[in-house]
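Asker:
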Amino acid sequence: MAGEKAAKAAALSADPELQAILNETRQVQQDTLQSSRNAVKTLQETVVVADKTNERLQAQGEQLKRIGATAEEADEHAQEAYDKARELHKYKGFLPFSIKQGFTGGKKNSADSDYLSRQKELDRTAEKLAKAEAKAEKSGTAVLSATRPESGDAVEDEIDQNLDEMSRGLSHLKGVGLNMQTEIKKQNVDIEHIKATTEHTDYVVNSANRKIQDFMLIKIVKENLYNC
């Protein structure tokens with residue numbers, strides 16, 4: 378066997394053209410190895426950035442949920458204030474004329490109904506997104522580990538390992554990208570929830586203020602009438 382290898386080496390060294398082709402092949406192999414190393418390094422850096430971005434996005438989603446909960450709590454307090462203002466408004470007394478304020482809006486019952494409809498629609502959208510996310514996680518494919526057979530050539534083996542590492546990295550980035558896409562859609566729904574809640578709260582507060590202002594105005598008018 379050793380004599381065979383020596384004979385082949387001697388034959389190659391005796392053929393300058395073949396030796397040049399082999400040298401060029403080795404150079405291409407080395408260039409490929411260096412390129413694969415650079416690609417793996419860049420991909421690893423990209424994975425780190427993607428993971429950090431995904432973590433920040435998840436934290437932002439949690440923050441939006443907390444804001445949404447606070448907005449709903451504020452809406453409940455506004456509703457309580459409206460109910461108290463409504464009770465107060467019942468005792469405004471009667472006058473032989475009606476007082477209409479310049480600021481008018483739609484009926485509160487209609488506003489409440491619109492608000493509930495929007496919230497139900499957003500809840501249905503959130504539920505669909507949750508089901509799609511669960512389905513994607515269930516049907517997700519596992520990242521394949523390196524299964525390339527060793528060739529006996531250290532350079533070729535390292536290139537193969539780098540290609541496997543790149544495959545795993547790209548699969549990971551794909552999963553992170555899909556997670557981020559789903560998270561952004563969920564956050565859009567949360568933002569719409571917050572928007573709908575704050576708009577409803579604003580309307581309820583304005584309605585309560587109008588009733589209190591109406592009560593105070595009528596009280597002033599009655600006092601003036603009694604003093605006359």
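In this note's numbering, the protein residues as written are 378 to 605.
Even glycine gets a Cβ: it sits at the ideal position worked out from N, Cα and C.
Should the stretch 538-557 be regarded as contacting the stretch 406-415, the criterion being three or more beta carbon pairs within less than 8 Å?
Answerer: Short answer: they touch.
Asker: Indicate whether the contact test is met: 3 or more Cβ pairs, each with one atom in the stretch 492-501 and one in the stretch 553-571, closer than 8 Å.
Answerer: Contact holds: three or more Cβ-Cβ distances are below 8 Å.
Asker: Determine the closest residue to residue 578 out of 501, 447, 438, 451, with distance taken between C-alpha atoms.
Answerer: Taking only the C-alpha atoms, the option nearest residue 578 is 451.
Asker: Can the beta-carbon of residue 563 be found less than 9 Å from the beta-carbon of residue 463?
Answerer: Result no, Cβ atoms of residue 563 and residue 463 do not sit closer than 9 Å.
Asker: Can you grab the Cα-Cα spacing for the pair residue 591 / residue 500, in whole Å?
Answerer: Going by the C-alpha atoms only, they are around 37 Å apart.
Asker: Under three-state DSSP, which class holds residue 429?
Answerer: In the structure shown, residue 429 sits in a helix (DSSP, three-state: H, G or I).
Asker: From residue 507 to residue 446, what distance separates their C-alpha atoms?
Answerer: Looking at the two C-alpha atoms, the distance is approximately 19 Å.
Asker: Counting C-beta neighbours from all protein chains within 10 Å, is the total for residue 485 16 or more, i.e. buried, or is it exposed?
Answerer: Buried is the call here.
Asker: What three-state label does DSSP hand residue 592 in the structure shown?
Answerer: Helix at residue 592.
Asker: I need the DSSP call for residue 572, collapsed to helix, strand or coil.
Answerer: Here residue 572 sits in helix by DSSP.
Asker: Rounding to the nearest angstrom, what Cα-Cα distance links residue 402 and residue 502 in this structure?
Answerer: If you take the alpha carbons of residue 402 and residue 502, they lie about 57 Å apart.
Asker: Can you grab the Cα-Cα spacing for the pair residue 419 / residue 504, in whole Å?
Answerer: About 37 Å.
Asker: Per DSSP, what kind of secondary structure is residue 484 in: helix, strand or coil?
Answerer: Here residue 484 sits in coil by DSSP.
Asker: In its own chain, which residues sit with a C-beta less than 6 Å from the C-beta of residue 585, not counting the 5 before and 5 after it?
Answerer: The residues are 458, 459, 462.
Asker: Among residues of its own chain, excluding the 5 on either side of residue 438, which ones have a beta-carbon nearer than 8 Å to its beta-carbon?
Answerer: 560, 563, 564, 567.
Asker: For residue 530, name the three-state secondary structure that DSSP assigns.
Answerer: Residue 530 falls in the coil class under three-state DSSP.
Asker: Which one of 594, 555, 556, 533 has the shortest CA to CA distance from residue 408?
Answerer: Taking only the C-alpha atoms, the option nearest residue 408 is 533.
Asker: Identify which residue in 465, 423, 440 has its Cα closest to the Cα of residue 593.
Answerer: For the residues 465, 423, 440, the minimum Cα distance to residue 593 belongs to 465.
Asker: My guess is that residue 607 and residue 550 are in contact by the Cβ rule of under 8 Å, so how many angstroms apart are they, rounded?
Answerer: The structure shown has nothing for residue 607, since the chain only spans 378 to 605.
Asker: With a threshold of 16 other CB atoms inside 10 Å of the CB of residue 430, please say whether the residue is buried or exposed.
Answerer: So residue 430 counts as exposed.
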